[in-house]
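Asker:
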Amino acid sequence: MQKLSFSLNGEFVELNQLLKLVGICESGGAGKVIVASGDVSVDGQQELRKTAKIRAGQVVRLGDVEIRVLAD
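Each position in the sequence shown, counted from 1, maps to that position plus 210 in our numbering.
1) Using 8 Å for Cβ pairs, my map puts K260 next to K242. What's the rounded Cβ distance?
2) Can you tell me whether Q268 is helix, strand or coil according to DSSP?
3) For F216 versus V232, is the C-beta distance shorter than 9 Å?
4) Taking DSSP's pairing of strands, which residues face F216 in a bridge?
5) Residues in its own chain within less than 6 Å of Q227 by CB, not counting five upstream and five downstream?
6) Is it buried or exposed for Q268, if we count other Cβ within 10 angstroms and need 16 for buried?
7) Quick check on DSSP: helix, strand or coil for V232?
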């Protein structure tokens, strides 16, 4: 499993934007398509809300990629 860390600046980041910022997809629009596919989970639960607010301490998974969101 590939493990990534993301340092959060601010209170939250939208899920589709997080996927873009860590390099999983090229744009926020592409991130929305990935989330809509049902392949993304947040803290072990499937997440279908494209703009779900992801906060420090949460773990996002997509396939064999795990993203840990850390407070900056």
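All C-beta atoms in this analysis are idealised placements derived from N, C-alpha and C, irrespective of residue type, glycine included.
If you're wondering where the values come from, they're calculated on a predicted model, not measured in any experiment.
Answerer: Let me lay it out:
1) Residue mapping note: residue 260 aligns to position 50 of the sequence shown, counting from 1. Residue mapping note: residue 242 aligns to position 32 of the sequence shown, counting from 1. Between K242 and K260 the Cβ distance is about 4 Å, and since that is below 8 Å, they are a contact.
2) Sequence index remark: in the sequence shown, residue 268 carries index 58 (1-based). It is coil, neither helix nor strand.
3) Along the sequence shown, one-based indexing puts residue 216 at 6. Along the sequence shown, one-based indexing puts residue 232 at 22. In contact: F216 and V232 (Cβ atoms closer than 9 Å).
4) For the purposes of this step, residue 216 is taken as residue 6 along the sequence shown, with counting starting at 1. Note: F216 sits in a beta bridge opposite V279.
5) Sequence index remark: in the sequence shown, residue 227 carries index 17 (1-based). Result list for Q227: G238, in chain order.
6) Position 58 of the sequence shown, counted from the first residue, corresponds to residue 268. Q268 comes out buried.
7) On the sequence shown, position 22 is the one that residue 232 refers to. In this structure, V232 counts as coil in the three-state DSSP scheme.
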